[in-house]
Amino acid sequence: MTALSEFTLDELTALVEAMGEPKYRAKQLMRHTVAFDSYDEYTDIPKALIEKLKSQYADRAVREKTRVTAADGAVRYLFELTDGDLAEAVFLPHEYGNSVCVSCQVGCAMGCVFCASGYYGLKRNLSAGEILAQALYIARDKKAEGVNKIVMMGSGSPLANYDNTVKFVRLITAKDGLNIGMRSISVSTCGLPDKIERLAADGFTGTLSLSLHAATDAKRKKIMKIAERYTVRELIDSLKRFFERTGRRVVIEYILIGGFNDGDGDAAELKKLLKGLCCHVNLIPLNPVENCDLKPCSKKRAHAFCEKLNALGVSASVRRSMGSDAAGACGQLKNRTAEAQRAKRSDA
Ligand code: SAH
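The C-terminal residue of the sequence shown carries number 382 in the working numbering, and the numbering is unbroken.
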């Protein structure tokens, strides 16, 4: 069932008018959806209208199924969507402001070997309202702390679900929505060059992160299926055009895999590839996942790699990994829950 979080204020206005209601009802409804209220809390809306809405729309696109809280305060939420599918999101508290990481697909088609989200392939896209509902839920749950930043770094590939990603950004930055600044939104992609350029053309001025993870095509092909389709050169060229259009420095995400891409030679290749691109390299020590025999790199090696890049004149830092005691990397909580459900069903 479609939820009310799917609609912009203009769309809600058209909806209430079609139901023969005055325009101001749209603003009231918007306030309720943004507050993640249930229909019981729509106390300023006439009962008859609530009944009409109930028969066609869900008040909430997600409900909490479980959560895991890490020692560092990160909270990983597992949500159930109205059709029973599952989606994960994470609250990440920081001294300089709190982030919410949302998922944009159920599963993922990209099949990166190190990533738990793609392990079962893609089930379906999430709608803009389903992506938004994850943030709305967490904003309500963490009202005291507040949410300042949104990262599209959960399960799924945002640019492969392009229209819903763009609509989600529009909804969450709306003045009458959560009103998050566009600059405080990050979109992460495994790298679809035409979509990267389209995003810039469509007015996105947030941060774009590219999951590069290897500096040569040969190496990237070993860990990312998408590397069969696009070369690293094509990707970097599309990022240059993104920067030209938006003036926004891009982020290069680089997972450090022990003995695979963490050598001095890899740092030199990376330097060569990134020449002329305004970027910052985020080094992420690999989070071990089940069914994958890639090795994490040591903390010492990660910092040595970072220093090597800095010495070569590349801006880089090692990302502090948060919440890894809360069911590790993206997709793992969902996979474990789904596996436990399947095991329970086959027991019965
Ligand atoms: N689908 C998006 C977001 C993925 S999650 C994308 O492709 O960019 C955010 C980052 O975590 C990505 O760079 C992703 O490649 C990385 N990641 C995935 N699995 C990981 C793991 N096991 N350890 C460390 N980083 C991982």
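By construction, the Cβ of each residue, glycine as well, lies at the ideal position given by its N, Cα and C atoms. Everything numeric in this text was worked out from a predicted model, so none of it was measured.
What I want to know is whether the C-beta of residue i ends up closer than 6 Å to one or more non-hydrogen atoms of the ligand SAH.
i	result
E287	yes
F113	no
M187	yes
A148	Residue identity check: residue 148 is Phe in the sequence provided, not Ala. Yes, the beta carbon of F148 sits closer than 6 Å to at least one heavy atom of the ligand SAH.
I270	no
N321	yes
S222	yes
I318	yes
S245	yes
S191	yes
Note down the Cα distance separating residue i from residue j, rounded to an integer number of angstroms.
i	j	result
I257	L87	47 Å
C146	K259	6 Å
L290	R65	44 Å
M35	L126	30 Å
E383	D228	What the structure shows of the chain is the stretch from 35 to 382, and residue 383 is not part of that stretch, so it cannot be assessed.
L38	A169	14 Å
E45	L205	11 Å
R217	A178	23 Å
A336	K57	57 Å
S349	E231	23 Å
Y130	K274	29 Å
T47	R59	8 Å
V136	L233	18 Å
G310	I184	28 Å
L22	G293	Here the chain has residues from 35 to 382 only, and residue 22 is not among them.
T207	S189	21 Å
M53	F41	15 Å
L166	F277	27 Å
D300	A143	27 Å
E303	R283	20 Å
I79	Q62	8 Å
A361	C149	Bear in mind that a pLDDT of 49 at A361, under 50, signals an unreliable position, so the number given afterwards is only what the model happens to contain. Those two C-alpha atoms are separated by around 13 Å.
N295	I214	36 Å
E341	L308	16 Å
L156	K253	24 Å
L43	C138	22 Å
E33	I172	The structure shown does not extend to residue 33, since the chain is modelled only from 35 to 382, so the question has no answer here.
S222	P192	7 Å
V352	A108	19 Å
E114	A345	47 Å
Can you tell me whether DSSP reads residue i as helix, strand or coil?
i	result
E179	coil
G141	strand
P319	strand
V147	coil
L43	helix
V124	strand
A48	helix
T67	helix
L156	strand
I79	coil
K99	strand
R94	coil
A104	coil
S191	coil
Y111	strand
S243	strand
S72	coil
A133	In the sequence under discussion, the amino acid at residue 133 is Ser, which differs from the Ala named in the question. If DSSP states are grouped into helix, strand and coil, S133 belongs with the strands.
A361	Note that A361 scores 49 on pLDDT, short of 50, meaning its location in the model is unreliable; the coordinates nonetheless yield the value given after this. Residue state, collapsed to three classes: coil.
My guess is that residue i and residue j are in contact by the Cβ rule of under 8 Å, so how many angstroms apart are they, rounded?
i	j	result
A92	T116	5 Å
T100	L112	5 Å
L317	L328	L317 to L328, Cβ: 15 Å. No contact.
V96	N132	Not a contact, Cβ separation roughly 19 Å.
S220	M187	7 Å
D119	R158	7 Å
D236	V200	6 Å
Does any C-beta atom of chain D lie closer than 7 Å to the C-beta of residue i?
i	result
R174	This model lacks chain D altogether, as it is built from one protein chain only.
What are the start and end residues of each continuous beta strand (DSSP E) run of 3 or more residues lying completely inside the stretch 322 to 353, in chain order?
350 to 352
Complete alpha helix (DSSP H) runs within the stretch 246 to 322 (minimum length 4 residues, chain order):
251 to 257, 266 to 280 and 298 to 308
Enumerate, from N- to C-terminal direction, the unbroken beta strand (DSSP E) stretches of 3 or more residues contained entirely within the stretch 196 to 232.
219 to 223
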